[in-house]
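K.L.:
Structure incoming, see below.
Protein chains: 2
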Amino acid sequence: MRKTKSAILDAVHSTAKGLHRAGVMDQVTLREFDRLCLPPIAPLEPAQIKQIREASRVSQAVFAALLNTSLSTVQKWEIGQKRPTGTALKLLHLVQERGLKAVA
Amino acid sequence: MRKTKSAILDAVHSTAKGLHRAGVMDQVTLREFDRLCLPPIAPLEPAQIKQIREASRVSQAVFAALLNTSLSTVQKWEIGQKRPTGTALKLLHLVQERGLKAVA
DNA sequence: GCCATATATAGCACTTAGTGCTATATAGTG
DNA sequence: CACTATATAGCACTAAGTGCTATATATGGC
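If you read the protein sequences in the order shown, they are chains V and U.
Numbering of the first sequence is given in our numbering, commencing with residue 989 and proceeding in unit increments.
Numbering of the second sequence is given in our numbering, commencing with residue 989 and proceeding in unit increments.
Listed below in C-alpha cells is the structure:
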C-alpha cells in the first residue's frame, strides 16, 4: 500500500493498523497517524524569538534576510505584535535547535 | 563597530566601507549591504513544488506536517492557486537543496 | 562637538497567504 | 463491495506578512 519511506515508520504504521484492527484506534487517529506522529511545533514568545536571533549575533535586518522575510516582520515578532505560525514557526525552531547554519 | 560574526563578512564589509569612502558605493547600497549579499530566493512554480515533495516520497499531508503548514496550503501550492513566499519559500528551497532531513 | 549610520521600536493601512471546510474523483486494500 | 488514502476543486474568513514613515539611541568618523 505504501511506498517505503523508512523501515521504522513502516513498522510503527503496521503496528498501528494492527491496533486499529483490534479496535483500539479509531478512524480519525489512523487517518492522521503520520501527521500526529510528528512532534508538535510549539509557538514562540516574542522574547524567545529575540533570544534566538541574538544567539546568532545578527541584526534584525540580516536575520530577516536569512529567513527570507521582511525586517518589518521580524520586528513585529520580537515585539509581539504578530505571532509567527506555520512555516515561519518551523524555520525559527530550526534556527533555535541547529543554529543559523541550518538555514544559511 | 560591529561584533564579529565571521571573518569573511567583516573583511567584505570593511572593503565595502572603503569603496564607500571612495565614492563608488552610494548610501542605500551600504545600508542594505548585508541583506543584498545573500543569494536571492527564487519563486517556485507549482510543478517544482510537487517535484520537491515527490522527490521526498511523502504525501501532501505528511509534507504539510513536516513543514508545519496545512494540507490545504500544500495543495494550493501545487495547483498554483497560492504562491509560497517568505519563510515558506525559504523552507521549500531548503528541502529542495538538502532534502527532508534538513527540516525533519 | 557634530554629522552620518546602524539598529530598534512604534503605528498605520493594505494585500494576500494561509487556514478550514465541504464536495468530488480515483486508486488501492480488506 | 465497503473503506481508506490521496489528490483536486471551490468557497469564505482571518490574520500574517508587507511596506511605509517617524522616532530614539548608540556608535564611529570627521
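From the three backbone atoms N, C-alpha and C, an ideal C-beta is built for every residue, glycine too.
Since the model is a prediction, treat every value here as computed from it, not as a measurement.
Would you tell me roughly how many angstroms separate the C-alpha atoms of Q1063 (chain V) and R1041 (chain U), rounded to the nearest one?
P.N.:
So the two alpha carbons sit approximately 32 Å from each other.
K.L.:
Does the beta carbon of A1087 (chain U) come closer than 7 Å to any beta carbon on chain V?
P.N.:
Note on residue identity: the sequence assigns Gly, not Ala, to residue 1087 (chain U). Cβ-Cβ to chain V under 7 Å: no for G1087 (chain U).
K.L.:
Using 8 Å for Cβ pairs, my map puts S1060 (chain V) next to L1088 (chain V). What's the rounded Cβ distance?
P.N.:
Contact flag wrong, Cβ pair sits at about 20 Å.
K.L.:
If you draw a straight line from the alpha carbon of I1067 (chain V) to that of K1078 (chain V), how long is it in whole angstroms?
P.N.:
The alpha-carbon atoms of I1067 (chain V) and K1078 (chain V) are separated by roughly 19 Å.
K.L.:
For the region 1040–1072 of chain V, which residues have a CB atom closer than 9 Å to at least one CB atom of chain U, in sequence order?
P.N.:
Those residues of the region 1040–1072 of chain V that come within reach of chain U (Cβ to Cβ, closer than 9 Å) are S1044, R1045, V1046, S1047, A1049, V1050, A1052, A1053, L1054, L1055, N1056, T1057, S1058, L1059, T1061, P1072.
K.L.:
Note down, in chain order, every chain V residue with its Cβ under 9 Å from the Cβ of K1038 (chain U).
P.N.:
Result: empty, since nearest Cβ-Cβ is about 16 Å, beyond 9 Å.
K.L.:
Report the residue ranges of all beta strand (DSSP E) runs contained in full by the region 1027–1078 of chain V; include only those spanning at least 3 residues, in chain order.
P.N.:
If we require 3 residues or more, the region 1027–1078 of chain V turns out to have no beta strand (DSSP E) run fully inside it.
K.L.:
Can a CB atom of chain V be found closer than 7 Å to the CB of L980 (chain U)?
P.N.:
Lying before the first or after the last residue shown, residue 980 (chain U) is absent from chain U, which here runs from 989 to 1092.
K.L.:
Against chain U, does L1026 (chain V) count as a neighbour if the rule is that its beta carbon must be under 7 Å from one of theirs?
P.N.:
Yes, contact with chain U.
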